[in-house]
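Residue numbering for the sequence shown follows this note's numbering, starting at 58 and increasing by one per position.
C-beta atoms are modelled at their ideal positions from N, C-alpha and C, and glycine is treated no differently.
Fair warning: this is a prediction, and the values are worked out from it, not measured in the lab.
Let me begin by presenting the structure, written as structure tokens, before commenting on it.
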Amino acid sequence: MLGTNAERGEGTRSVRAGRPQPGIGEPSLPGPVFASHFHAPGELTGNYTYGRNGHPNWTLLENAFSELEAPNEKVQSVVFPSGMASISAVLMSTLRPGNVVVLPSDGFQNLPLAQAWLEANGVIVRLAPTVDDFPVDQLDDADMLWIESPSNPWLNVCDIERLTRAAHERGALVAVDNSLATPLGQRPLLLGADISVCSVTKSLSGHGDLFLGYVTCRDNGLADALRLWRKTSGAIPGPMEVWLAHRSLATLQLRLERQCANALAVAQLLVDMDDVTSVRYPGLSCDPSYSTASRQMKSFGPMVAFVLPDKAYAERFLGSLKLVGEATGFGGVESTAERRGRWGVDVVPEGFIRFSAGIEDTDDLVRDIVEALAAARLSR
Ligand SMILES: *Cc1c(COP(=O)(O)O)cnc(C)c1O
């Protein structure tokens, strides 16, 4: 039955996600509502009163994320002004002094900063790598397991279903940072996790022009705690960003399909190059993550990681690219690449490149990379 969200394909679901029932004379996607307060006479009965408590553009986009994260189920999503605001909302609204949280040792570069303020607030932080043979004894007495799979920037993958079972046996909540895969590539809640967190800044909005994030969960109490955190911390997204992100969702499936095809083509090209090592892409059949990734993911995301011989070589490569821009971030319509070592935070070799595939024609992208590698090699 095409009428139900669960029966539709990803492209159809992306176009329609969160859009209200058509109304005569109404736009398909209502525009940004610029209001800090709403008309609210007498007893407070309406959904919207003061814009920090709730906002109509949030509601529509939250419905959209819920439909994408768990098409068959009743879940709740809460939007935040960035991916990082979503991560801190989960950590701050659930963990208490004395609680134990297991964080990835190889994840997003801001997690070590979160570790510092968690510890300052009495939370005990354990670190564990994102690997198939994850040390499950790290989960003993834990209150929360934080998974980032695939991880940024090394694209390591772990078995979410297996780890979630091990965590639940020990009474720990499981949160998954799904920013790399997006809900079209991987559905953490359907793999058993309690919480899915995603940076909308990346592939979900896809145009490199806004910050946004969200959290999706099943538990009503948890969703209430997240909304209370948003209201009391005051970390609220603006209507323009929310509307732009919602508009961008319509092309999500199309963009991702091209990004993933481009990323795979680039990874396949690089594995055969003599001066390139440690090529990582979860969708590459020779990748150490491939068997787990292909079981739990529907597509493998826009990011490819690889290592060039040294810093100067990497700089020459980046400087010779004509289509691929040198920038941080990933998931945008334009391909970008950067030498991660320049940040001084990730544990990576000096020649480590994080590449994000855009939606350019595959042939053009491949040629740009082949030519830039040749230029980097020549001037050695
Ligand atoms: C970028 C990123 C974040 C943070 O998102 P922002 O929107 O930049 O705050 C969190 N997790 C992962 C895996 C990311 O790549």
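- Contact check for MET330 against LEU430 passes: the beta carbons are separated by less than 8 Å.
- Three or more Cβ pairs closer than 8 Å define a contact, and the region 230-241 meets that threshold against the region 249-260.
- Under a 10 Å Cβ-count criterion, ASN104 is classified as exposed, with fewer than 16 other Cβ atoms of the shown protein chains found around its own Cβ.
- Taking 4 residues as the minimum length, the alpha helix (DSSP H) runs contained wholly in the region 215-273 are 217-226 and 239-242, in order along the chain.
- For MET354, the shortest C-beta to heavy atom distance toward ligand 1 is 7 Å or greater.
- In this chain, GLN133 is not harboured by any alpha helix (DSSP H); it is covered by the beta strand (DSSP E) spanning 133-137.
- DSSP places TRP286 in the helix class (H, G or I) of the three-state scheme.
- Secondary-structure assignment with DSSP links THR334 through a beta bridge to VAL364.
- Look at the region 117-201 and you find these whole runs of alpha helix (DSSP H), each 4 residues long or longer: 140-151 and 168-177.
- For ILE81, there is no enclosing beta strand (DSSP E), as DSSP gives it neither H nor E.
- In the displayed model, GLY382 falls within a strand according to three-state DSSP.
- DSSP places ARG411 in the uninterrupted beta strand (DSSP E) bounded by 409-413.
- Spanning the alpha carbons of ARG73 and GLU407 requires a straight line of approximately 44 Å.
- Taking all protein chains in view, the Cβ of CYS343 is surrounded by fewer than 16 other Cβ atoms within 10 Å, so the residue is classified as exposed.
- Annotation for GLN310: GLU67, GLY68, SER71 and LEU241 place their beta carbon closer than 7 Å to its own, counting only its chain and skipping 5 residues before and after.
- Within 10 angstroms of the beta-carbon of PHE165 lie 16 or more other beta-carbons, which makes it buried.
- Taking GLY88 as the centre and dropping the five residues before and after it, the same chain places the C-beta of TRP300 closer than 8 Å to its C-beta, in chain order.
- Placement of the Cβ of THR187 at a distance of 7 Å or more from every heavy atom of ligand 1 is found.
- Listed in chain order, the non-local C-beta contacts of ASN110 below 6 Å within the same chain comprise LYS288, local neighbours out to five positions each way being set aside.
- The criterion of a C-beta distance shorter than 8 Å is not satisfied by LEU267 and ALA318.
- THR69 sits in a helix when the DSSP states are folded into three classes.
- In the three-state scheme derived from DSSP, where H, G and I count as helix and E and B as strand, HIS94 is classed as strand.
- The region 262-276 makes no contact with the region 92-99: fewer than 3 CB pairs, one atom from each, lie closer than 8 Å.
- Between VAL405 and GLY398, the CB-CB gap stays under 8 Å.
- DSSP, reduced to helix, strand and coil, places GLU417 outside both helices and strands of the structure shown, so it counts as coil.
- Selection ASN62, VAL136, THR106 and GLY82 evaluated against ARG284 yields VAL136 as nearest (Cα-Cα).
- Selection ARG304, THR334 and LEU365 evaluated against SER85 yields ARG304 as nearest (Cα-Cα).
- A straight-line Cα-Cα distance of about 42 Å links MET149 and THR419.
- By the neighbour-count criterion, in which a residue is buried when 16 or more other Cβ atoms sit within 10 angstroms of its Cβ, SER413 is buried.
- Considering only ASP189, ARG153 and SER139, the residue with the shortest C-alpha distance to GLU176 is ARG153.
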